[in-house]
Amino acid sequence: FTGMPKSVATFEATNSEGETKSYLSVEDAKGYLALAQFGVVEFHTWGTHRTRLDKPDLIVFDLDPGEGVSWREVVEAAVHI
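Numbering (the numbering used here), first residue to last: 44 to 124.
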């Protein structure tokens, strides 16, 4: 990408249906900072490393409370997860 550091790159991967798609890879904090400066608002990461897409080793729960949901309720939901 124009203006991005080398730590922000794309790579291709083929899924189980044989489709090859391009994906974004960020290798370090400098890359995340560059994306933030380009207006990226939210990151949803995969639960795997790009070298082992078939072996997830991380899970993230993104709790997005609706209007009127208190912080206490969000914390309680997180504890139950």
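Don't be surprised by glycine CBs; every beta carbon is placed ideally from N, CA and C.
Everything numeric in this text was worked out from a predicted model, so none of it was measured.
Residue span of the alpha helix (DSSP H) that contains residue i, given as start and end
i, result
"E110", "Taken as a continuous stretch (DSSP letters only), E110 belongs to no alpha helix (DSSP H), as it is neither H nor E."
Where residue i falls, given that 16 or more other Cβ within 10 Å makes a residue buried
i, result
"V118", "exposed"
"V51", "buried"
Euclidean distance between Cα positions of residue i and residue j
i, j, result
"I102", "Y66", "19 Å"
"D97", "S68", "16 Å"
"W114", "D100", "29 Å"
"F86", "L106", "13 Å"
"T94", "F54", "10 Å"
Three-state class that DSSP yields for residue i in the structure shown
i, result
"T118", "Sequence check: residue 118 is Val here, not Thr. The answer is helix: DSSP assigns V118 an H, G or I state."
"K49", "coil"
"T63", "strand"
"T57", "strand"
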